[in-house]
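In case it helps, mature numbering (1 follows the signal peptide of the UniProt record, and there is no 0) puts the sequence shown at residues -19 to -1, 1 to 304.
Cβ coordinates follow ideal geometry from the N, Cα and C atoms, glycine included.
Comments concern the structure below.
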Amino acid sequence: MKIFFFVLAALCLVQFNLCQNDTTVPITTTTSTTTSTTIITSTTTTTTTTTTAEPTTTTTPETTTTTPDTTTTTPETTTTPDTTTTTPETTTTPETTTTPRTTSPVPQGDVIFNFTVAKNSSSPCLRARFTLAFDFKYPATINGTKLNASAHIKVNSIDDYSGECNEAFDTLQIDLNSGWTLLMNYTIQDNAYELNLMRLLYKVSAELFPDVDPDYIGIKEVQGSNLKEFAANRGNSFKCVSETKIELGSVQVDFKNYQAQPFLPSDSKTSDFDTAIECAADLGGNSKLVPIIVGSALALLVILVLVAYIVGRKRQRPGYQSV
């Protein structure tokens, strides 16, 4: 028993010494704390290096802002359509379309000539009036080059005229341009007459035929037979205000405001033409009235049908019946 207490006391003594050693040990542990603080500072400095990388990324978007400046300059090319506004000036060229004046009855500058055969006779056998022009085709030379040319010559005056009449034919001869002669021959058969033959004798000169080939200058003659123009029954005149062209080879004779009556009876006392037979070209203008007349008649017919229908419905409407 005493031994047990002795052992216990020894243990307590040892324990007390250990406790005192423990109190002195923390003095050495303070040195360890200093090492721990140095570790903390080293870790904190590494984190600061990561923050410096952020400013480098912010500077890069500045390059993208400069590129839109180049796109704003490109629309300046839209000013080029100014060249298209000048092209419509070419539309003034169709002034050449004003030359055909064949449909006008009495154009400005045309001279209507009156003829009676025999001249100044109280009982003529032929009476005529018309305007006259010629279209010529001839060889020309321009700067050494030979080509085909044309000339239009309007007759504004004549030198003289004459004629002849018998039972078979009536003739009108017109002298003009100091040496030109136009012969018109009318024949009659079965009480109907027509212009059967026409002959032109003319002189080619540099004054009337510009750039004419020198070898072509001189007297020329053209003729047309079996023409069958200006046909009508005896006792009537033939009238054609519209232009009539008659081909005589390289020459075309143009008549306007034409009216003639050959084979007049010898006892005729009138000083004017008899009833006129009009040409198809003049009648074509009057044919425009036909559609107007037909359309008006149809419109009137429709109105009459509508009126009759309305009146008929009113008459068929039943009245009130007594119960």
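| Item | Value |
| --- | --- |
| Rounded straight-line distance, which links the Cα of L245 to that of E175 | 14 Å |
| Among I134, N124, Q154, the one whose alpha carbon lies nearest that of D141 | Q154 |
| N- and C-terminal bounds of the beta strand (DSSP E) containing N95 | 94 to 98 |
| CA nearest to the CA of E259, picked from A213, L287, E228, L279 | A213 |
| The region 191 to 201 / the region 111 to 128 touching (three or more Cβ pairs under 8 Å) | yes |
| Those residues which DSSP pairs with P120 across a bridge | N129 |
| E224 and D235 closer than 7 Å at C-beta | yes |
| Nearest-angstrom Cα separation, counted from V222 out to V283 | 39 Å |
| Minimum C-alpha distance to N95 - residue among L281, A149, D253 | D253 |
| Whole-angstrom distance between Q204 and N238, CA atom to CA atom | 23 Å |
| Helix, strand or coil at L107 [DSSP, three-state] | strand |
| Beta-carbon proximity list for V92, same chain, < 8 Å, skipping 5 on both sides | T112, V136, N137, S138 |
| Residues near R215 in its chain [Cβ-Cβ closer than 8 Å; skip 5 each side] | I169, N172, A173, Y174, F244 |
| For Q1, three-class secondary structure by DSSP | Annotation note: pLDDT 43 at Q1 (below 50); position unreliable, no value reported. |
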